[in-house]
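Worksheet: the structure to be examined is printed underneath.
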Amino acid sequence: MIKIICIGKLKEKYLKEAIDDYLKRISKYHKIETIELPDSNIVDEGENILKYINQKDYIISMCIEGNELSSIELSDKIDKTFITNPCITFIIGGSDGIREDIKEKSNYKLSFSKLTYPHGLFRLILLEQIYRSFKILNNEAYHK
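Heads up, the sequence shown is in the numbering used here, so the first residue is 309 and it goes up one at a time.
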């Protein structure tokens with residue numbers, strides 16, 4: 309199972325449609341769930357995030373200070389993580405980021421760039437990379 313916990317609701321129709329498309333594509337390979345939590349302050353957002361994390365989850369916090377991976381490295385990380393963990397949980401924080409105690413609880417910190425992205429767009433980018441990972445793992449053609 310892949311869980312994506314994210315702060316903020318999508319407002320843009322074009323992002324919702326693109327995200328729904330990638331969720332459908334990924335679901336052919338693996339069960340995936342997105343959990344949208346309301347924007348608030350970092351303390352309340354953190355409390356809400358913790359409600360959706362299970363002890364057996366492999367937690368990947370998306371944060372600017374995290375490690376950068378290539379698409380092939382991310383696919384390898386996903387593949388190896390599923391060997392010992394039933395659920396990979398990606399966390400996308402709010403505008404103030406992810407609370408420090410949640411980052412410390414994380415098994416891995418991942419960054420896609422030093423750039424800052426709008427949260428909805430970043431969610432789409434993350435889903436595209438997860439989809440790409442499954443295409444790579446299944447030796448299926450996908451644009452480079």
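All residues carry an ideal CB built from backbone N, CA and C; glycine is no exception.
Distance from the Cα of residue 386 is smallest, within the candidate group 443, 314, 357, for 443. The region 342 to 350 and the region 314 to 321 touch, with three or more beta-carbon pairs separated by less than 8 Å. For residue 408, the enclosing alpha helix (DSSP H) begins and ends at 408 to 413. Close CB contacts of residue 382 within its chain, under the 7 Å cut and outside five residues either way in sequence, are with 437, 441 (chain order). Counting only residues of its own chain and dropping the five nearest sequence neighbours on each side, residue 324 has a CB closer than 8 Å to the CB of 318.
With a cutoff of 7 Å on beta-carbon distance, residue 327 and residue 429 are scored as not near each other. Taking a contact as a CB-CB distance under 8 Å, the pair residue 334 and residue 435 counts as one, their CB atoms being some 7 Å apart.
Of the candidates 410, 392, 391, 404, the residue whose Cα lies closest to the Cα of residue 398 is 410. Counting only runs of 4 or more residues that sit fully inside the region 328 to 362, the alpha helix (DSSP H) segments are 350 to 358, in chain order. According to the DSSP secondary-structure assignment, residue 398 is paired through a beta bridge with 312, 368. Excluding residues up to 5 positions away in sequence, 366, 396 lie with their Cβ nearer than 7 Å to the Cβ of residue 389 in the same chain. Classified as buried, residue 369 has 16 or more neighbouring CB atoms from the shown chains inside 10 Å of its CB. Boundaries around residue 418 are those of the beta strand (DSSP E), 416 to 418, since no alpha helix (DSSP H) includes it.
The alpha carbon of residue 403 has as its nearest neighbour, out of 354, 392, 415, the alpha carbon of 354.
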